[in-house]
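K.L.:
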Amino acid sequence: MKYYILFGPPGAGKGTHAVAIAEKYNFKHLSTGELLRNEIAAGTELGIKAKKLIEAGSLVPDEVVEGMIESAFESIKGVNGFLLDGFPRTLAQAEALDKMLARKGEAISAVISIMIPDEIVKVRIAHRATVEGRADDASDEVINNRIRTYHSQTEPLIDFYKKAGKYHEVAGHPGTVEENQARVLRMVDGIV
Ligand code: ATP
Ligand code: MG
104 MKYYILFGPP GAGKGTHAVA IAEKYNFKHL STGELLRNEI AAGTELGIKA
154 KKLIEAGSLV PDEVVEGMIE SAFESIKGVN GFLLDGFPRT LAQAEALDKM
204 LARKGEAISA VISIMIPDEI VKVRIAHRAT VEGRADDASD EVINNRIRTY
254 HSQTEPLIDF YKKAGKYHEV AGHPGTVEEN QARVLRMVDG IV
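Residue numbering for the sequence shown follows the numbering used here, beginning at 104 and increasing consecutively.
Written out as structure tokens, the structure is:
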């Protein structure tokens, strides 16, 4: 089994491009953000706890997302690989993921990093707020907190995966969605 990580700041286009990559290579796309939004929609206990954190632009606890990912690995069959979108987001999550995979005799194959600057993050999320109506896209304060959280907690993963020799970066802007997707897919073709 192959395990790929789609990395990047909020609004980089991870979700959009993940769908195309997953379809092309028969990977299971696993978005922790989407899994959490499903829990909120279903009104589960986990969802109720996660909602407050997500809507403040903070991360949910590491154990919560680690558990969701591990149970997906156990239950999903019949794919060539997994494409992780929005996980890991902290060093502790990255280390937990390595351990989880090592127990199965597996490892991360590569990290595909889609990079956009903070100014573009703000423009993209402001636009998405008008289309998708996500509560965590709606206020500047929350968006700024997510950008801060990305820099302080998630960005250190770049060095972690560079040291592991697994880090590959592609620009997530400028251009149309189609142009960006073509660039991302060209890059992924060279890795997978
Ligand atoms: P993108 O637009 O690139 O898909 P995003 O950052 O806008 O990314 P999601 O990945 O859907 O959105 O995440 C939404 C929220 O869910 C995060 O801000 C965070 O609160 C929570 N979340 C998602 N993944 C994790 C994770 N791995 N660890 C902790 N919290 C997470
Ligand atoms: Mg997403």
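Each residue gets a CB set at the ideal place from its N, CA and C atoms; glycine is no exception.
Is it buried or exposed for Val-226, if we count other Cβ within 10 angstroms and need 16 for buried?
P.N.:
Per the 10 Å Cβ criterion, exposed.
K.L.:
Is the stretch 109-124 touching the stretch 177-196 in the sense that three or more CB pairs, one from each, lie closer than 8 Å?
P.N.:
Cβ pair count under 8 Å is three or more, so yes.
K.L.:
Does the ligand GTP have even one heavy atom less than 8 Å from the beta-carbon of Thr-252?
P.N.:
The model on display carries the ligand ATP and the ligand MG but not the ligand GTP.
K.L.:
Check whether the stretch 171-178 and the stretch 227-243 touch, using three or more Cβ-Cβ pairs below 8 Å as the test.
P.N.:
No, the stretch 171-178 does not touch the stretch 227-243.
K.L.:
Can you name the start and end residues of the beta strand (DSSP E) that Gly-184 belongs to?
P.N.:
Where Gly-184 is concerned, the enclosing beta strand (DSSP E) stretches over 184-188.
K.L.:
Go ahead and label Thr-147 buried or exposed: buried means 16 or more other beta carbons lie within 10 angstroms of its beta carbon, across all protein chains shown.
P.N.:
Exposed is the call here.
K.L.:
Quick one: residues in its chain with C-beta nearer than 7 Å to the C-beta of His-132, no 5 flanking neighbours on either side, listed in chain order?
P.N.:
Ala-121, Val-122, Ala-125, Leu-186, Asp-188
K.L.:
Can Pro-220 and His-271 be called in contact, C-beta distance under 9 Å?
P.N.:
No, the pair does not count as a contact, with Cβ atoms beyond the cut-off.
K.L.:
Using 8 Å for Cβ pairs, my map puts Leu-162 next to Arg-206. What's the rounded Cβ distance?
P.N.:
Actually they do not touch by this definition, with Cβ atoms about 24 Å apart.
K.L.:
Which same chain residues, not among the five before or five after Met-203, have their C-beta less than 6 Å away from its C-beta?
P.N.:
Glu-173
K.L.:
State yes or no: is the C-beta of Ser-242 nearer than 8 Å to some heavy atom of the ligand ATP?
P.N.:
Every heavy atom of the ligand ATP is 8 Å or more from the Cβ of Ser-242, so no.
K.L.:
Report the rounded CA-to-CA distance for Gly-111 versus Leu-149, giving the unit in angstroms.
P.N.:
25 Å
K.L.:
Which class does Ser-212 belong to by DSSP, given the choice of helix, strand or coil?
P.N.:
When DSSP states are grouped into helix, strand and coil, Ser-212 belongs to the coil group.
K.L.:
Under the criterion of a Cβ to heavy atom distance below 8 Å, does Gly-160 qualify as lining the ligand MG?
P.N.:
no
K.L.:
Closer than 7 Å by C-beta to Ile-223: which residues in its own chain qualify, once you throw out the five before and the five after it? Chain order, please.
P.N.:
Result list for Ile-223: His-276, in chain order.
K.L.:
With Glu-82 as the anchor, note down where its alpha helix (DSSP H) starts and where it stops.
P.N.:
Beyond the ends of the chain as shown, which are 104 and 295, falls residue 82; an answer cannot be given.
K.L.:
Please go through the same chain and pick out, in chain order, the residues whose beta-carbon is closer than 8 Å to the beta-carbon of Ala-267, but skip the five residues on each side of it.
P.N.:
Same-chain partners within the cutoff: Ile-211.
K.L.:
The beta strand (DSSP E) that contains Val-273, what's its start and end?
P.N.:
270-274
K.L.:
Among the residues of its own chain, which have a CB less than 6 Å from the CB of Gln-284, if the five just before and after it don't count?
P.N.:
Once the five neighbours on either side are set aside, the close Cβ partners of Gln-284 are His-120, Ala-123.
K.L.:
The beta strand (DSSP E) that contains Leu-109, what's its start and end?
P.N.:
105-110
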